[in-house]
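Beneath this line is the structure, given in structure tokens, with notes to follow.
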Amino acid sequence: MSSRIFSQSCRIFAGISTSNLFSSKVSRVLPYTSATSVKFYCSRGFNSKPLGDQKTEFFTYMKSEMRAGRENKFDNSSSGDYGGGSRGYGGGDRGNSRYGSSRGYGPSGGFGRSYNNEGGINRRDNFVSGAPAQLRDVDWSRHQLQPIEKNFYKECSAVKNREQYEIDEWITSNQVTLQGKNIPKPVFEFKEVPIGEPILDLLCKNYQKPTVIQSISWPIAMSGRDIISIARTGSGKTLGFILPAINHIAHQPKRGHGDGPSVLVLLPTRELAQQVLEVSRDYCDAMNLRMCCLFGGTARGVQARDLQRGVDIVVATPGRLIDFLATDTTNLRRCSFLVLDEADRMLDMGFEPQIRKIVGQIRPDRQTMMFSATWPKEVRNLASDFQKDPAFLNVGSLELSANHNITQHIEIVDEHEKQARMLQLLDGILKTSEPKTIIFVETKRKADEITRNMRREGWPAMCIHGDKGQSERDWVMRQFKEGKTPILLATDVAARGLGKF
């Protein structure tokens, strides 16, 4: 694959080759932006027939989905039920009739879904203001904690008998840096991991062998050790912490109704939260574990009901989690396994006070795994405060550098030639076997403008940016993933969730 980069002010035009940005390959990435931040730009397909407005197409899709939902509900309704099943006029029973339940009018409980997604009337929380709730500190010295089991790793004979020179060669060839005492040997095959058969079957079905991060982090984490891992996107870090988390849960007391999670995964954005949920869901289902995803920008009621039923794993952004903790919708008293994913990014976004507040709610003898793309002083301080005798793992250099899996091509063109050169490239991309393309632009206005112009000329393009609702952004990304809309224009908001697709 190959792709190109544009820079408007410096007139830099470069191309990038990337292996597997999505589950189906993206062939071109081109930026249409200023030179101060190198971004990407891509496209596919050309059709002389003008296409309609993106917003109109999205509304048409939503109407068809709502119509299909109503028809489905009508088809499934039983005699005496208005609305199908047990929901009727509200979702609960009142004698033998089906109205006036705790759900009220709307999908999220209470009356509707709460105002502005953050405040309003909710089923259990009554009036929930949009103001940040206060989270009470926990004095753990006053609590008598039951011991938790963390070390349940059993080294198989194949790993035990592996020669040290073989391990050293593997570490050198993969540019691995390991620091710490009594670090277990890495695993090279899935069958060497002491994990349940359902999980093992899924791993063998979906992948050929563990990634470098997984090979090293699984034995360490299953030994109950804290870990600091410098891990980049595409390293397999999600399974690197989810599988040890699942194993950890299996060795803890059973969850009761309404109990808080045993495992908390804290991360910076809702896109990353959805991505972790997507990767982890099948493995949790295989072990009959409940997983809940908490993030802002969506209705609070649905997430609250998931928590109130009891969950094993919570994947959350800091703000929404603090909201639920402060209103006693859930608690972290059972939590004994903590993951901080993209710790450096959470600090960059100003989440350090919230992170410290949340971690203060978790028992101090927990196990903590921290993942970060970089290793600045701020992240080191966080690790020092939150972890005990951690193992340090890094693959590659600790310095920031370009991805070696990407080939960049730079072309210098005059400003007035840029548009023509871009279209020339797009026309060539159309003829390739991998035509899927992304265009990153500097502003939301530019994204909308270029999308409109391209659709008028028949290019199947759509755009996403911060002014688009989450449902529309998810729909556009699905269209792109499935190849129905092979041209995607986006501001940097898309960079937060591309891995999800």
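Counted from 1, the sequence shown has number 208 at position 208 by UniProt numbering; the numbering is strictly sequential. Positions of the beta carbon are idealized from the N, C-alpha and C atoms, including for glycine. The model shown is predicted, which means the values in this text are computed figures rather than measured ones.
Outcome for residue i when other beta-carbon atoms lying within 10 angstroms are tallied against a minimum of 16
i	result
Glu192	buried
Val359	buried
Ile487	buried
Thr36	Low confidence applies here, because Thr36 scores a pLDDT of 34, under 50, leaving its location unreliable and the question unanswered by this model.
Ala238	Sequence check: residue 238 is Thr here, not Ala. Per the 10 Å Cβ criterion, buried.
Ile412	exposed
Phe58	buried
Pro50	exposed
Lys468	buried
Ile230	buried
Leu325	buried
Ala245	buried
Glu197	exposed
Leu145	exposed
Asp344	buried
Asp385	exposed
Arg136	exposed
Trp140	exposed
Pro219	buried
Gly85	Any reading at Gly85 needs caution, since the residue's pLDDT is 41, under 50, leaving its predicted position unreliable; the model's value is listed next. With fewer than 16 other Cβ atoms within 10 Å, it is exposed.
Gly297	exposed
Ile410	exposed
Pro435	buried
Ser173	exposed
Residue i - partner residues in DSSP beta bridges
i	result
Ser229	Phe371, Leu393
Ala461	Ile487
Cys292	Val314
Phe337	Val263, Gln367
Presumed contact (8 Å Cβ cut-off) between residue i and residue j, rounded CB distance
i	j	result
Met222	Tyr153	4 Å
Val176	Val159	Their Cβ separation, rounded to whole angstroms, is 16 Å, which puts Val176 and Val159 out of contact at 8 Å.
Asn247	Ile195	6 Å
Ile171	Ala391	Contact flag wrong, Cβ pair sits at about 14 Å.
Val263	Phe337	4 Å
His257	Arg309	7 Å
Leu294	Val314	6 Å
Cys335	Pro261	6 Å
Thr451	Leu489	5 Å
Gln361	Val138	6 Å
Thr329	Ala299	At roughly 14 Å, the Cβ-Cβ gap does not stay under 8 Å, so Thr329 and Ala299 are not in contact.
Met349	Ile355	At roughly 10 Å, the Cβ-Cβ gap does not stay under 8 Å, so Met349 and Ile355 are not in contact.
Pro184	Glu163	The pair is not a contact, with the Cβ atoms about 15 Å apart (cut-off 8 Å).
Gln54	Met462	5 Å
Start-to-end residues for the alpha helix (DSSP H) that takes in residue i
i	result
Thr437	Note, Thr437: premise wrong, no alpha helix (DSSP H); beta strand (DSSP E) at 437-441.
Glu197	197-206
residue 516	Because the chain is modelled from 1 through 501, residue 516 falls outside the range shown and cannot be assessed.
Phe386	377-386
Asp285	270-286
Phe480	470-481
Leu347	343-348
Thr327	Unbroken run through Thr327: none, as it is neither H nor E.
Glu449	444-456
Thr172	164-173
Leu305	Sequence check: residue 305 is Arg here, not Leu. Here the alpha helix (DSSP H) through Arg305 covers 300-309.
Ile213	212-222
Val193	Looking at the DSSP string, Val193 is not in any alpha helix (DSSP H), and its letter there is neither H nor E.
Ser157	157-160
Glu352	352-359
Pick from the options that is closest to residue i, judged by C-alpha positions
i	options	result
Gly483	Arg136, Asp474, Thr437, Leu325	Thr437
Val441	Thr491, Val279, Glu278	Thr491
Ile464	Gly458, Arg478, Arg320	Arg478
Val276	Ala304, Ala383, Arg356, Phe241	Phe241
Thr317	Gln361, Asn331, Val265, Arg290	Val265
Gly224	Asn182, Gly260, Glu197	Asn182
Glu342	Met370, Leu321, Arg333	Met370
Leu202	Val138, Met287, Lys185, Gly396	Met287
Met291	Met422, Ala273, Ala383	Ala273
Gly396	Trp140, Met66, Tyr165, Leu178	Leu178
Pro147	Glu378, Ala447, Arg366, Arg356	Arg366
Asn206	Phe190, Ser141, Leu267	Phe190
Lys357	Gln134, Asp168, Gly52	Gln134
Val311	Glu472, Asp259, Ile355, Phe351	Asp259
Asp285	Ile199, Pro376, Pro253	Ile199
Leu243	Ile216, Pro376, Thr269	Ile216
Interface flag, residue i vs chain D, CB-CB below 7 Å
i	result
Pro198	Judged by its chain identifiers, the structure shown contains no chain D, having just a single protein chain.
Unbroken beta strand (DSSP E) run spanning residue i, endpoints
i	result
Val176	176-179
Any non-hydrogen atom of the ligand ADP within 6 Å of residue i CB
i	result
Ser157	In the structure shown, the ligand ADP is absent, as is every other ligand, since no ligand is present at all.
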